Amino acid sequence: MSSFVLPHALHGSGPHKVIAVHGWLADRSAYDPLLPDLDGRSFQYAFVDLRGYGKAVTDEGPFTTERAAEDVRALASQLGWKRYSLIGHSMGGSIVQRAAAAAPEQVRRIVGVSPVPASGLPLPPEAWELFAGAAENPENRRAIMDNTTGGTRPDAWLDRMVRRSLARSDARAFRAWLDSWAKDDFHTEVAGSAVPALAVVGALDPALSAEVQRQTWMRWYVNAELAELPSAGHYAMDEDPLGLLRIVEDFLRADETEGPSAGAGASVTVAAGDGAEAGARAGAGAGTGAGAGADA
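So the sequence shown is residues 54 to 349, counted in our numbering.
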C-alpha cells in the first residue's frame, strides 16, 4: 500500500463515504460545478488530486493507474473509511475500477463518468499523435476537448478548459499518464465483479460512447447499469451537472435500499432539459446540503 496521501477536499458529512477521481485533462476542480448541489447529509465526498495534478503537481510519480488505485485505497485508510463508493471521470474511471478490483470488500458502489475501459483505450496512430502531443501543445488539448463534445461547445468554454488543464497539470506527468490509461489492460481483474457499477456517458462523446460501455463495462460487471445524458459530451460535470448529479446520487443512494437503482444490466437515458427534470427514470431527487468543504 502506498504511503503517499492524495491531496483532497472533503465536502458533506453524511454516512456514505465517496472518493471522486478526476480525469486526464483536469485536476479535482473538474468536479466544482457539482459542489453547490451535493447531498451532504447523505454523503461525504473526498475530491482528490492525482499525482502530477493540482496540489500534487510536483509529485514525482509513478503516474500509473495501478499506483493511483493504491493511492485511492491509502486515502480511504487515512480517512478511516472502512466502506466507501468510488467515482471516476475518464482516466479516473479506469483508476476506480482498478481500486475496486483490488479491494472489492471495501467498495460499496462504483461510478464511471465517461470511463476509460479496464482494457485500456487503443488509439490509431493519428489519434495517438494528437494525444501524445497534448502534453506540450495547448491546441492538441483544445482539439481533444472539441472532438469529444461533438464540436458543439463555445470557443470561450474550450479556451477556459484548456487554460485550466495547462495550469493544473505537469506536462511530464500528463504525458506519462497517457501511456498508462491508454495501454493498461486489467479487464480480467474486473470481469465478473459483483460490485454495483454505473457508467454514465454523454451522447455527444464519440470516443467513450454508450456502445463502448456496452462492449466493456456492461459485459464485465454483474450488476452493471448504463445511463446516457443526451445534452452532454465527455465533460458531463461541466455540460450537465444537475443531470449527472441526479443519476449518480440516485445510484449511490440505492445502496441503502434494495439492489441496483434501475436493475442489473439496465440502461437509462436521462431526459434532456435544464437538469432539474433529468433522471425521471432513475429514482428520487438528489437532496440538498453540500456541507462545508475541508482541504487536506
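Where is the CB? At the ideal position from N, CA and C, for every residue including glycine.
Note that this is a predicted model, so its numbers are computed, not measured.
Only exposed fits Q268, as fewer than 16 other CB atoms lie within 10 angstroms of its CB.
Here DSSP, grouped into helix, strand and coil, assigns A109 to helix. Your pair V166 and V253 checks out as a contact, with CB atoms roughly 5 Å apart and the cut at 8 Å.
For E189, the three-state secondary structure derived from DSSP is coil. Minimum Cα-Cα distance from G296 among the listed residues L305, D308, R306 and E281 corresponds to E281. For Q131, the uninterrupted alpha helix (DSSP H) segment begins and ends at T118 to L132. Where E242 is concerned, there is no enclosing beta strand (DSSP E), although the alpha helix (DSSP H) around it starts and stops at H240 to V243. For E189, same chain residues with a beta-carbon under 7 Å away, outside a window of 5 residues either side, are A224 in chain order. Note: I197 is not bridge-paired with any residue in the DSSP secondary-structure output. With contacts defined by Cβ atoms closer than 8 Å, P170 and H240 form a contacting pair. The region 85 to 100 makes no contact with the region 193 to 210, as fewer than three CB pairs between them are under 8 Å. Secondary structure note for V301: it is in no beta strand (DSSP E), and the uninterrupted alpha helix (DSSP H) holding it is P294 to R306. A straight-line Cα-Cα distance of about 34 Å links A209 and L305.
A Cβ-Cβ distance of about 18 Å is found for the pair H61 and F116, leaving them out of contact under the 8 Å criterion. For F96, the three-state secondary structure derived from DSSP is strand. Under DSSP, G145 shares a beta bridge with no residue. Listed in chain order, the non-local C-beta contacts of G245 below 8 Å within the same chain comprise W273 and V275, local neighbours out to five positions each way being set aside. The C-beta of K70 has 16 or more other C-beta atoms within 10 Å across all chains shown, which makes the residue buried. Distance from A152 to A122 at the Cβ level is roughly 4 Å; contact confirmed, criterion being Cβ atoms closer than 8 Å. Taken through DSSP and simplified to helix, strand or coil, Y274 comes out as strand. W181 counts as exposed, since fewer than 16 other beta carbons sit within 10 angstroms of its beta carbon. Of all alpha-carbon atoms in R216, H287 and D238, the one lying nearest the alpha-carbon of L257 is that of H287. If you ignore the 5 residues before and after F96, its C-beta comes within less than 6 Å of the C-beta of G65, G67, H69 and V71, all in its own chain and listed in chain order. I140 sits away from V248, with the two beta carbons spaced by 8 Å or more. Taking C-beta separations shorter than 6 Å and ignoring five residues to either side along the sequence, the partners of A250 in its chain run I163, Y274 and A277, following chain order. Residue state for R136 is assigned as coil, using DSSP reduced to three classes.
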